[in-house]
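J.:
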Amino acid sequence: MLFYKGFGQTTLLDKTAEYLKQNNFQSAKETIELASQNEATKNDPRTWYLKGFVYKELYKQNPAVGDNREIAVQSLSKSITLDTKKTYTGSSETALEYLYGTYYNEGIDLLNAKQFEKALKNLKLFIEYRAKTKPDEFYAEALYHAGFISFSLNKKAEAQQYYEQALQKGYKSPLLYDDLSQIYLTANNKVKAVETITTGRKLFPDDSNLRTSEINFYLQLKEYAKAEKLIEDYLKTNPSDTDAMMVAGSVYETIAKKDTTKEEAYFQKRLAIYKKILVKEPNNFLANYNMGIAFYNHAVDLINKPDVYQETITQFNQRIEVISSLIVESKPYIEKASQLSPQNINSLKALSGIYHYLNDRERFQQVQNKIKLLENKY
Numbered sequence: 004m005l006f007y008k009g010f011g012q013t014t015l016l017d018k019t020a021e022y023l024k025q026n027n028f029q030s031a032k033e034t035i036e037l038a039s040q041n042e043a044t045k046n047d048p049r050t051w052y053l054k055g056f057v058y059k060e061l062y063k064q065n066p067a068v069g070d071n072r073e074i075a076v077q078s079l080s081k082s083i084t085l086d087t088k089k090t091y092t093g094s095s096e097t098a099l100e101y102l103y104g105t106y107y108n109e110g111i112d113l114l115n116a117k118q119f120e121k122a123l124k125n126l127k128l129f130i131e132y133r134a135k136t137k138p139d140e141f142y143a144e145a146l147y148h149a150g151f152i153s154f155s156l157n158k159k160a161e162a163q164q165y166y167e168q169a170l171q172k173g174y175k176s177p178l179l180y181d182d183l184s185q186i187y188l189t190a191n192n193k194v195k196a197v198e199t200i201t202t203g204r205k206l207f208p209d210d211s212n213l214r215t216s217e218i219n220f221y222l223q224l225k226e227y228a229k230a231e232k233l234i235e236d237y238l239k240t241n242p243s244d245t246d247a248m249m250v251a252g253s254v255y256e257t258i259a260k261k262d263t264t265k266e267e268a269y270f271q272k273r274l275a276i277y278k279k280i281l282v283k284e285p286n287n288f289l290a291n292y293n294m295g296i297a298f299y300n301h302a303v304d305l306i307n308k309p310d311v312y313q314e315t316i317t318q319f320n321q322r323i324e325v326i327s328s329l330i331v332e333s334k335p336y337i338e339k340a341s342q343l344s345p346q347n348i349n350s351l352k353a354l355s356g357i358y359h360y361l362n363d364r365e366r367f368q369q370v371q372n373k374i375k376l377l378e379n380k381y
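Just so we're aligned, residue 4 is where the sequence shown starts under my numbering, counting upward by one.
(1) Less than 7 Å between the beta carbons of K175 and L206, yes or no?
(2) Below 8 Å on the Cβ atoms is my guess for P138 versus K172; work out the distance and round it to an integer in Å.
(3) Residue ranges of each beta strand (DSSP E) run of no fewer than 3 residues wholly in the region 293 to 317, ordered along the chain?
(4) Smallest Cα separation from L128: which of A145, N293, N372?
(5) How about K54 and S39: do their beta carbons lie closer than 7 Å?
(6) How would you write the range of the alpha helix (DSSP H) that A369 sits in, first residue to last?
(7) Nearest to Y106 by CA position, among L274, T84, R133, is which residue?
(8) When we look at the beta-carbon of K239 and count the other beta-carbons within 10 Å, is it buried (16 or more) or exposed?
(9) With a CB to CB cut of under 7 Å and the five nearest residues on each side skipped, what residues in its chain are close to V325?
(10) Kindly indicate the opening and closing residues of the alpha helix (DSSP H) around N157.
(11) Exposed or buried, which one is D310 when buried takes at least 16 other CB atoms within 10 Å?
(12) Run the CB neighbour count on K375, radius 10 Å, all protein chains shown included, and call it buried at 16 or more, exposed below.
(13) Confirm the yes/no value for this check: CB of Q171, any heavy atom of the ligand MN, distance under 6 Å.
(14) Are there three or more Cβ pairs, one per stretch, closer than 8 Å when the region 109 to 121 is compared with the region 73 to 93?
(15) Suppose you measure from the CA of R72 to the CA of S78; what does that come to, to the nearest Å?
(16) Assuming S80 is part of the alpha helix (DSSP H), what are its boundary residues?
(17) Are the region 289 to 302 and the region 264 to 280 in contact at 8 Å, needing three or more beta carbon pairs?
(18) Apply the 10 Å Cβ neighbour rule to V282 and answer buried if 16 or more other Cβ atoms are within range, or exposed otherwise.
(19) Which of the three DSSP states, helix, strand or coil, is assigned to G173?
(20) Give me the residue from I316, Q321, V250, N320 with the minimum Cα distance to T215.
(21) Which of the three DSSP states, helix, strand or coil, is assigned to P138?
(22) Measure how close the beta-carbons of A162 and D182 come, nearest whole angstrom, since I'm counting them as under 8 Å.
(23) Around the C-beta of L156, are 16 or more other C-beta atoms found within 10 angstroms, so that it is buried, or is it exposed?
(24) Got a sec, what are the start and stop residues for the alpha helix (DSSP H) L224 sits in?
(25) To the nearest angstrom, how far is it from the Cα of I258 to the Cα of I130?
(26) Going by beta carbon distance, what residues of the same chain come within less than 7 Å of A75, once the five residues before and after it are set aside?
(27) The alpha helix (DSSP H) that contains N115, what's its start and end?
(28) Leaving out five residues on either side along the sequence, give the residues of the same chain with a beta carbon under 6 Å from the beta carbon of L85.
(29) Relative to the alpha-carbon of L289, which residue among G252, N46, E36 has its alpha-carbon at the smallest distance?
(30) Return the CA-CA distance between T199 and I152, expressed in angstroms with no decimal places.
(31) Take T201 as the anchor and find which of T19, T189, P177, Q223 has the nearest alpha-carbon.
(32) In three-state DSSP terms, what is L207?
(33) At which residues does the alpha helix (DSSP H) containing I349 begin and terminate?
(34) Look at the alpha carbon of Q321 and the alpha carbon of S341, and state the distance between them as a whole number of angstroms.
(35) Along the alpha helix (DSSP H) that carries A190, what are the first and last residues, could you check?
(36) State yes or no: is the C-beta of Y292 within less than 7 Å of the C-beta of S350?
Take a look at the structure:
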């Protein structure tokens, strides 16, 4: 411990400055603490300017320890407030710019590590500072990241606020338009939702995720014809895009579920689109699985039809033949899917149902054993 009881006010500040030049930050800390508590120097802007720099350097030495950064920020801010002659203000502002920049960088690192709450806390500090000083592109980017984190934490009101502010500052991102349209839709603001997703698609016409989101968006609105037209128009000009074909299959499935009068027609459309994928990519897991499930679920739907009890024996037998045919057709696709992804429990469960229906007891038991092993594993 250093003792400066007999030193004057200027000596304490000068000694602090000297220690700073020598990189002797611990001694500088002790002298500046005395100065900041001294009646003669506690209202001097130089005191808080020096204290800010001392604690900034201590923070740089070991960012993970203590509250040095917070003390540095508070001290430099106080110096600016007291510094009516602007003697130290420029240097203080530069130091604050650095310190708040560390909040931003740390926030992004925490975001990448999925430590969302901590990341948001850091970004909020940066946003609050930049809003008053320099609301530039980094400010807009921080607003976007804060919106993304808030959305991920299901803080929709906060996310909306940050996203809207980011847009006002000129920040543009496919994910921003996607998330913000969903927020508006959840709030029953259909007009803003449509406007936002449409603007996003115009700005990012080649973004596949946003295109899929737009289609799902119209499915949510129950505008099935619009969703179908969007994906089919895209496929007319991009006939080899197998990912888009998968989206089309999902659209057809949704329409079939929502309108039973179109069930058969859209069942056939699903089969056709999955066949196109499998011609191009025979080892596509999802295409094999979805093709098999399309057959399998269609068979299950026929089994569960309420009018089955009103049928004649002949009609009932015909139904059983169709069901059996569908189950048999589903089998090679689900088997292939299971080969491509042996630990996929959904394909194994479908395979179990198929073997059970076909009375293949040996294979049924083999699949059941695999399912039990996987369920115990996870």
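Think of the CB as a built atom: it goes at the ideal place given N, C-alpha and C, for glycine as much as any other residue.
T.: A quick look at the data gives this:
(1) yes
(2) 6 Å
(3) none
(4) A145
(5) yes
(6) What sits at residue 369 in the sequence shown is Gln, not Ala. Segment 364 to 380, the alpha helix (DSSP H) holding Q369.
(7) R133
(8) exposed
(9) L305
(10) Careful: N157 lies outside any alpha helix (DSSP H) and carries neither H nor E.
(11) exposed
(12) exposed
(13) Ligands in the displayed structure: none, and consequently the ligand MN is not present.
(14) no
(15) 10 Å
(16) 71 to 85
(17) yes
(18) exposed
(19) coil
(20) V250
(21) coil
(22) 7 Å
(23) exposed
(24) Segment: none, L224 is in no alpha helix (DSSP H) and carries neither H nor E.
(25) 44 Å
(26) G55, Y58, K59, Y62, L102
(27) 92 to 115
(28) P48
(29) G252
(30) 19 Å
(31) P177
(32) It should be pointed out that residue 207 corresponds to Phe in this sequence rather than to Leu. Note: F207 maps to coil in three-state DSSP.
(33) At residue 349 the sequence reads Asn, which differs from the Ile that was named. 348 to 360 is the extent of the alpha helix (DSSP H) around N349.
(34) 30 Å
(35) Careful: A190 lies outside any alpha helix (DSSP H) and carries neither H nor E.
(36) yes
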